[in-house]
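Structure, as structure tokens:
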Amino acid sequence: MKHMRRGVRRAVRVVAVGALVCGGVMVSQAGPGGSAHGTTGNEGSRALSARQADDVGGRLVSALGSSRTAGNWIGADGRPVVAVTDDTAADEVSRAGATVKRVRYSMAQLDSATEKLRSAPRVAGTAWMVDPKSNQVVLVGDSSVSTARWSTMKALAAEVGDEVRTQRTAGSFTTRTAGAAPMFTNGSRCSAGFNVTDGQAGFILTAGHCGPTGTPWFTDGSGRTRIGTTVRSSFPGSDFSLVRYDNASLDQSGVLDVGGGRVVRVTGVADPVVGQEVFRSGSTTGLRSGKVTGLNATVNYPEGTVTGLVQATVCAEPGDSGGPLFAQGVALGVTSGGSGDCEKGGVTFFQPVTKALSALGVGIPGAKAQSPNPAIASGGQTGAAPGATGTSGIDDGVSTLDDVVAYAQGFGPGLVVIVVGFVGLLSTLTIRPRRRRYRGYSTGWG
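Mapping the sequence shown onto the working numbering, position 108 (from 1) lands on 123, and the numbers just tick up by one.
Have a look at this one:
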């Protein structure tokens, strides 16, 4: 019996210590540095890898220059991949811990190819963007481009060289006016993007094609509740506008309402990286996700040409225009347009938020710049509201009841395992070998 109790005690101690160790690991992964709130384990690690890859890859491309590199992206394993054109650059990328891909064309050559496409007569329904993975400029024609015009574009691509490839796509490239929260004006609807400020007044950043300067906006189609008025607009060329709040009772904080009672606190501003998982919200199709597939895209809408756009696989439909593009609380862009829908899929283009904020002289409340480009990062104020220098305003904690519950749920399983392990360890103190007791027994016993 004595040996059996000792064996049970040892076994319980081993199991209890193991539970404490496992519980500690689970809690550390659920907290900061582990899975991000609002995502499951793998999604959080992918998002973290995206930011790391963006930082390492972007710094390498900036340091090596456009004549020796051809862009960067996130590999399937989550590591940053940098395209290079010579052995010396390849060695530097390897030493930095990134994956090397040797390519034929540099980014300078690819940019030259896009300039030749841009100098040709504009054909509505066409678009082009640099695809760093294939080391080519992709020239796309939608279903609205006639056979004759497409033949002309293909001839132009052949004249430019092998660095350009052509492909057709279903649907038509259109702006998504019809959107986050809906905004109505003159029978059409768009989506609010991000709340921004110039340090004195509050505004909404949305798509430029939604309406010119002077456009009034309301919370409903009947025009009963006023939101504000468009005071700045850029379209075509770019696709962003600024709506000044005329209604002080509306929420002007740096929090996105993405539907279904879910909110996202915006804590940063950055440019996306190819391969990054991103999310888009709009008043027509709600919250959707996809991946970035191209940067610096040019789209020839029927209304005009827009350059410098982000291309992604996130679907969008009419009414989603102006809605926010983000990832892990970092603002990336506002919805411009695209082709297809959320049933058949398609491609969607986004106005980078960094360029819009810089051009308009506004920033998102409580958000700071997060850029892989040292030249940009050294400025320190991209996306920060004027007058807010020295105060980040970032709330890295949890401020809503839903956030608290989600935060506790993330730690819950690990804490339960720790408690069970601790109780098990305490229980071993009560499992002692039984000792024979002689005092108090009758001398005649036995």
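C-beta: ideal position from N, C-alpha, C; glycine also.
Beta carbon of residue i nearer than 8 angstroms to that of residue j
{"i": "residue 338", "j": "residue 186", "result": "no"}
{"i": "residue 328", "j": "residue 308", "result": "yes"}
{"i": "residue 341", "j": "residue 271", "result": "yes"}
{"i": "residue 374", "j": "residue 209", "result": "no"}
{"i": "residue 364", "j": "residue 324", "result": "yes"}
{"i": "residue 184", "j": "residue 152", "result": "no"}
{"i": "residue 351", "j": "residue 254", "result": "yes"}
{"i": "residue 306", "j": "residue 291", "result": "yes"}
{"i": "residue 369", "j": "residue 284", "result": "yes"}
{"i": "residue 188", "j": "residue 353", "result": "yes"}
{"i": "residue 178", "j": "residue 124", "result": "yes"}
N-terminal and C-terminal residue of the alpha helix (DSSP H) that residue i is part of
{"i": "residue 272", "result": "Unbroken run through residue 272 is the beta strand (DSSP E), 270 to 274; no alpha helix (DSSP H)."}
{"i": "residue 119", "result": "Looking at the DSSP string, residue 119 is not in any alpha helix (DSSP H), and its letter there is neither H nor E."}
{"i": "residue 169", "result": "162 to 175"}
{"i": "residue 369", "result": "368 to 375"}
Environment of residue i [buried if 16+ CB atoms lie within 10 Å]
{"i": "residue 112", "result": "exposed"}
{"i": "residue 376", "result": "exposed"}
{"i": "residue 87", "result": "buried"}
{"i": "residue 117", "result": "exposed"}
{"i": "residue 100", "result": "buried"}
{"i": "residue 335", "result": "buried"}
{"i": "residue 359", "result": "exposed"}
{"i": "residue 130", "result": "exposed"}
{"i": "residue 91", "result": "exposed"}
{"i": "residue 275", "result": "exposed"}
{"i": "residue 297", "result": "buried"}
{"i": "residue 150", "result": "buried"}
{"i": "residue 269", "result": "buried"}
{"i": "residue 317", "result": "exposed"}
{"i": "residue 361", "result": "buried"}
{"i": "residue 161", "result": "exposed"}
{"i": "residue 109", "result": "exposed"}
Residue i versus residue j: straight-line alpha-carbon distance, rounded
{"i": "residue 381", "j": "residue 222", "result": "22 angstroms"}
{"i": "residue 173", "j": "residue 157", "result": "19 angstroms"}
{"i": "residue 163", "j": "residue 137", "result": "14 angstroms"}
{"i": "residue 331", "j": "residue 204", "result": "14 angstroms"}
{"i": "residue 168", "j": "residue 235", "result": "43 angstroms"}
{"i": "residue 212", "j": "residue 303", "result": "27 angstroms"}
{"i": "residue 262", "j": "residue 243", "result": "7 angstroms"}
{"i": "residue 232", "j": "residue 73", "result": "39 angstroms"}
{"i": "residue 170", "j": "residue 206", "result": "39 angstroms"}
{"i": "residue 281", "j": "residue 313", "result": "27 angstroms"}
{"i": "residue 83", "j": "residue 76", "result": "8 angstroms"}
{"i": "residue 295", "j": "residue 25", "result": "54 angstroms"}
{"i": "residue 228", "j": "residue 140", "result": "26 angstroms"}
{"i": "residue 144", "j": "residue 176", "result": "15 angstroms"}
{"i": "residue 248", "j": "residue 239", "result": "24 angstroms"}
{"i": "residue 226", "j": "residue 260", "result": "15 angstroms"}
{"i": "residue 224", "j": "residue 106", "result": "45 angstroms"}
{"i": "residue 390", "j": "residue 378", "result": "Interpretation of residue 390 is limited by its pLDDT of 32, a score under 50 that renders its predicted location unreliable; the figure taken from the coordinates is listed afterwards. Whole-angstrom Cα-Cα distance: 19 angstroms."}
{"i": "residue 322", "j": "residue 128", "result": "15 angstroms"}
{"i": "residue 115", "j": "residue 70", "result": "16 angstroms"}
{"i": "residue 126", "j": "residue 319", "result": "21 angstroms"}
{"i": "residue 181", "j": "residue 93", "result": "29 angstroms"}
{"i": "residue 301", "j": "residue 258", "result": "21 angstroms"}
Extent of the continuous beta strand (DSSP E) to which residue i belongs
{"i": "residue 12", "result": "This structure cannot settle anything about residue 12, because the visible part of the chain is limited to 16 through 461."}
{"i": "residue 291", "result": "Note, residue 291: premise wrong, no beta strand (DSSP E); not H, not E."}
{"i": "residue 310", "result": "301 to 316"}
{"i": "residue 109", "result": "Element bounds for residue 109: not the beta strand (DSSP E) but the alpha helix (DSSP H), 102 to 110."}
{"i": "residue 234", "result": "Unbroken run through residue 234: none, as it is neither H nor E."}
{"i": "residue 210", "result": "209 to 212"}
{"i": "residue 217", "result": "217 to 221"}
{"i": "residue 257", "result": "255 to 260"}
{"i": "residue 327", "result": "319 to 327"}
{"i": "residue 227", "result": "Here residue 227 belongs to no beta strand (DSSP E), and DSSP marks it neither H nor E."}
{"i": "residue 330", "result": "First-last for residue 330: undefined, no H or E at that position."}
Integer-rounded CB distance, given that residue j should sit under 8 angstroms from residue i
{"i": "residue 220", "j": "residue 371", "result": "6 angstroms"}
{"i": "residue 8", "j": "residue 348", "result": "In the structure as shown, the chain starts at 16 and stops at 461, and residue 8 therefore has no counterpart that could be examined."}
{"i": "residue 85", "j": "residue 121", "result": "5 angstroms"}
{"i": "residue 315", "j": "residue 142", "result": "6 angstroms"}
{"i": "residue 279", "j": "residue 288", "result": "Not a contact, Cβ separation roughly 20 angstroms."}
{"i": "residue 196", "j": "residue 147", "result": "35 angstroms between Cβ atoms; not a contact."}
{"i": "residue 217", "j": "residue 267", "result": "4 angstroms"}
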